[in-house]
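**Q** Before we start, here is the structure in question, set down as structure tokens.
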Amino acid sequence: MTTLKAGDKAPNFTALDQDGNTIALDDYKGKKLVVFFYPKASTPGCTAEACNLKDNYHTFQAKGYEIIGVSADSAKRQQNFKNKFELPYPLLADEDKKVIEAFGVWGPKKFMGKEYDGIHRTTFVIDEKGTISEVISKVKTKDHAAQIL
Numbered sequence: 093m094t095t096l097k098a099g100d101k102a103p104n105f106t107a108l109d110q111d112g113n114t115i116a117l118d119d120y121k122g123k124k125l126v127v128f129f130y131p132k133a134s135t136p137g138c139t140a141e142a143c144n145l146k147d148n149y150h151t152f153q154a155k156g157y158e159i160i161g162v163s164a165d166s167a168k169r170q171q172n173f174k175n176k177f178e179l180p181y182p183l184l185a186d187e188d189k190k191v192i193e194a195f196g197v198w199g200p201k202k203f204m205g206k207e208y209d210g211i212h213r214t215t216f217v218i219d220e221k222g223t224i225s226e227v228i229s230k231v232k233t234k235d236h237a238a239q240i241l
């Protein structure tokens with residue numbers, strides 16, 4: 093789906109998080125960053141993935157990583173998701189899909205025999221210089237942290 097690969101520069105982005113704060117790639121210069129794209133807040137797979145990252149958040153921080161979640165949900169839905177599951181990292185409300193499309197994770201999907209356009213669950217690990225060091229397209233929602241760390 094995505095044409096981005098390890099070694100590519102991460103697309104520069106600016107978007108609003110669940111509280112209306114502006115978050116940009118530049119905010120993370122000099123830090124390692126995990127950007128995970130998920131189809132829909134508060135659905136079973138997305139909740140398992142977000143909570144697995146939350147449960148391992150201290151390990152990520154100890155290794156110098158920051159985390160951002162991104163979906164096309166509204167800021168209110170992202171805020172509810174973050175609060176309900178006590179997620180310690182920002183969730184971008186990318187309703188206009190600018191970040192989603194910049195990373196190339198929007199496209200045709202199949203579910204129960206139906207085809208539709210949606211977000212492909214994909215994670216990008218970005219190094220301190222803004223270069224993608226890893227793209228994970230086969231995300232294990234219940235054990236995602238282990239795939240990254």
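Take 93 as the starting number for the sequence shown in our numbering and just add one per residue. Backbone N, C-alpha and C define an ideal beta-carbon position, used for all residues, glycine too.
(1) What are the residues that DSSP puts in a beta bridge with E207?
(2) Would a C-beta distance cut-off of 9 Å place N144 and H236 closer than the cut-off?
(3) Using the three-state DSSP reduction, which class does A133 fall into: helix, strand or coil?
(4) Please state the DSSP three-state secondary structure of D118.
(5) Is S229 buried or exposed, if buried means 16 or more other CB atoms sit within 10 Å of its CB?
(6) Is F129 near I240, with beta carbons less than 9 Å apart?
(7) How many Å lie between Y181 and G161 at the Cα?
(8) Under 9 Å, do K124 and G156 count as touching if we go by C-beta distance?
(9) Measure the C-alpha to C-alpha separation of E178 and K206 and round it to an integer number of angstroms.
(10) Based on the DSSP secondary-structure assignment, which residues constitute the bridge partners of I192?
(11) How far does the alpha helix (DSSP H) with A107 in it reach, from first residue to last?
**A** The structure says:
(1) BP columns for E207 point to K202.
(2) Yes.
(3) In the three-state reduction of the DSSP assignment, A133 falls in the coil class, being assigned neither a helical nor a strand state.
(4) Judged by DSSP in its simplified three-state form, D118 adopts helix.
(5) When all chains shown are included, S229 counts as exposed.
(6) By the CB criterion at 9 Å, F129 and I240 fall outside the cutoff.
(7) In this structure, the alpha-carbon of Y181 lies about 8 Å from that of G161.
(8) Taking 9 Å as the cut-off, the Cβ atoms of K124 and G156 count as close.
(9) Here the C-alpha atom of E178 lies approximately 33 Å from the C-alpha atom of K206.
(10) Bridge partners of I192: none, in fact.
(11) That residue, A107, is in no alpha helix (DSSP H); its beta strand (DSSP E) goes T106 to L108.
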